[in-house]
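Residue numbers (the numbering used here): 28 to 486.
The beta-carbon is built from N, C-alpha and C at its ideal position, and this holds for glycine as well.
Below is one structure, written out as structure tokens; comments come after it.
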Amino acid sequence: MLQERSVKTLIDTFEGQPLQSEFQGNVAEICPVGALTHAKYRFQARPWDLRRTASVCPKCSYGCNIFIDARVDQVARFVSNDNPDVDDSWLCDTGRYSFPELNRSDRVLNPEARLAGARQTVSYQEAVSRAAGALLRVLGDHGPEAIAFLGSTQVTNEEAFLIQWLGREVVGTPHLDHRLSALEGISPEQFTLGIAEIEECDAVVVLGDEPELADPVLTLRLFKAATKLHRQVLRQPRDADPEQLAEQLAGKELVGIVAHQDHRQAAMALSASLARQGTPAKVLTIVDGMNARGCQDLGLTPGWLPGYRPAPSPGRDGGGILEAAVDGSLKALVVVGQGWELDPGFEEALTRVEVLIGITPFVGAVSRHASVLLPGRTIAEKAGTVTNTEGRVQRVRPGVQPRFAFPSDLRILGDLAAGLGADLGVQPLAGPVYDLIARAVPGYRGRLGGLRANWTLSA
Ligand code: SF4
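Encoded structure:
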């Protein structure tokens, strides 16, 4: 608001009180004269010195579209890249101001391998060949079940698909995951409601506060639906009685149900209650992590093959993999990506396996204990696709170049497969691997244009 008058006019907050919102960065972004600036960007670069790249916010599964503005090899800021189907031009502060994490200086910069007890820098080719040799040794001595693969929600769809292919098809192990806790009973039916479709529902039921905490820009879509479009938005406890709620919503033409993935059964119970009384409903499940949805869709889960086909013999989930490492039944672990360090048992489990192969961008538990370590890329350095929580397949592009000249994570996975004697059949590049995905998962056919995967398509 304006304070004072005439030449003394100032832009200020009401009565000098600080703004309190998760969306304050938008105020500076839409400031028409550039008088309001972002503290984390101010004086870092002149706009004409920045290189702009369209990509996706890495901080949650909502998939807000961004521009990565970079100067030399540093991300200088994230700016909104309006996508009316997803973010409606808004970013939350958590996402907008998360870019300094990508500029961390504690990067893994060289391939390393444990030689005669000590880890040493080696050539890329030697690191890959040592990684493949170690896995072949474990395979020969203990069989495929002694090997596990752990991805993360920061891997692209193409990487997720290759990790599960390496695990299942090349090594033959069922133990693979992208998270450390179990995920049961997942299916495309839990993702029928699109983000923009919220505006078309007569009523939207939000179960618990987790969906908006996990994906903050969802709050703005619900706010728009309620205030501009006069839709009924009902925030309910996640254990609300589905029958009672269904009665309350009788006669609506379309009900949207939004729930966090930990409470997806409650959402499905409400959907079933509504169906019994003839009220159409669609469900939006909010998953945790940037590409958690892509990892689920493409089978980087122990219980499901790509496209949610049940695995014939489900393996251990991420937590089970760590337990097996501790109890000694797991001998080799391949870890790709980042983001598990907060789990209290993670580092200890890494110390117990005989062979730990890490492809990771930052120094941490994986880099400390890996027997073979390869420099990974951050999401701002990768090319490929990711899938947001509603199933929209969107492209990520490298906004900055890594500070090393080693191959991408995708190529490392391809080279590792070759070292294990497997032939991927295509170049380990985002485009050709996406073609493999589209062949394996009909819903992903032709999805490079930012559309939602179509789960009504069959093989
Ligand atoms: S809602 Fe999620 S994707 Fe969107 S800006 Fe915030 S953290 Fe990023």
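*asked:* By DSSP's criteria, Arg98 is part of a beta bridge. Which residues make up the other side?
replied: Paired residue(s): Gln101.
*My understanding is that Phe50 touches Leu247, with C-beta atoms under 8 Å, so please give their C-beta distance in whole angstroms.*
Right, their Cβ atoms sit about 7 Å apart.
_So, for His169: in the same chain, excluding its five sequence neighbours on each side, which residues have a beta-carbon less than 6 Å away from its beta-carbon?_
Lys358, listed in sequence order.
*asked:* Taking the beta strand (DSSP E) that Glu139 belongs to, which residues open and close that run?
replied: In the DSSP assignment, Glu139 falls within the beta strand (DSSP E) that extends over 139-142.
*Taking just the CA atoms, how far does Pro341 sit from Ser48?*
Between Ser48 and Pro341, the C-alpha separation is close to 43 Å.
*Please list, in chain order, all residues of the same chain as Asp442 whose beta carbon is under 8 Å from its beta carbon, the five residues on each side excluded.*
Here the set comprises Val155, Pro434, Pro455.
*So Gly122 and Phe105 are in contact, right, with Cβ under 8 Å, and what is the actual spacing, rounded?*
Their Cβ separation, rounded to whole angstroms, is 7 Å, which keeps Gly122 and Phe105 in contact under 8 Å.
*Who pairs with Ala506 in a beta bridge, going by DSSP?*
Because the chain is modelled from 28 through 486, residue 506 falls outside the range shown and cannot be assessed.
_Quick check on the burial criterion: 16 or more other C-beta atoms within 10 angstroms. Buried or exposed for Met28?_
A residue is called buried once 16 or more other Cβ atoms fall within 10 Å of its Cβ, and Met28, having fewer, is exposed.
*What alpha helix (DSSP H) runs, 4 residues minimum, are completely inside the segment 120-186?*
As far as the segment 120-186 is concerned, its whole alpha helix (DSSP H) runs of at least 4 residues are 120-123, 151-169.
*If you run the structure through DSSP and keep just helix, strand and coil, what is Asp204?*
In this structure, Asp204 counts as strand in the three-state DSSP scheme.
*Thinking Val382 and Glu186 are a contact (beta carbons under 8 Å), I'd like their distance in whole angstroms, please.*
That belief does not hold up - the Cβ atoms of Val382 and Glu186 are roughly 20 Å apart, past 8 Å.
*With 16 other CB atoms within 10 Å as the buried threshold, where does Gln304 fall?*
Label assigned to Gln304: exposed.
*Do Tyr89 and Asn415 have their CB atoms nearer than 8 Å?*
Their beta carbons are under 8 Å apart, which means Tyr89 touches Asn415 by this criterion.
*Can you tell me whether Trp75 is buried or exposed, with buried defined as 16 or more other CB within 10 angstroms of its CB?*
Exposed: under 16 other Cβ atoms inside 10 Å.
*If we ignore side chains and look at the alpha-carbon of each, how far apart do Ala376 and Phe126 end up?*
If you take the alpha carbons of Ala376 and Phe126, they lie about 30 Å apart.
*Can you tell me which of Val413, Gln365, Gly212 puts its alpha carbon nearest to the alpha carbon of Gly458?*
Out of Val413, Gln365, Gly212, the CA that lies nearest to the CA of Gly458 is found in Val413.
*asked:* According to DSSP, Ile464 sits in a beta bridge with which residue or residues?
replied: Ile464 is bridged by DSSP to nothing; it lacks a bridge partner.
*Arg343 to Gly385, Cα distance in whole Å?*
Taking the straight line joining both Cα atoms gives about 19 Å.
*Can the beta-carbon of Val460 be found closer than 8 Å to that of Leu189?*
Inclusion of Val460 and Leu189 in the CB contact set at 8 Å is warranted, their separation being smaller than that value.
*Given Asp120, which residues of its chain have a CB within under 7 Å of its CB, disregarding the five upstream and five downstream residues?*
For Asp120, where only same-chain residues beyond five positions count, the Cβ hits under 7 Å are Glu49, Phe50, Gln51, Gly52.
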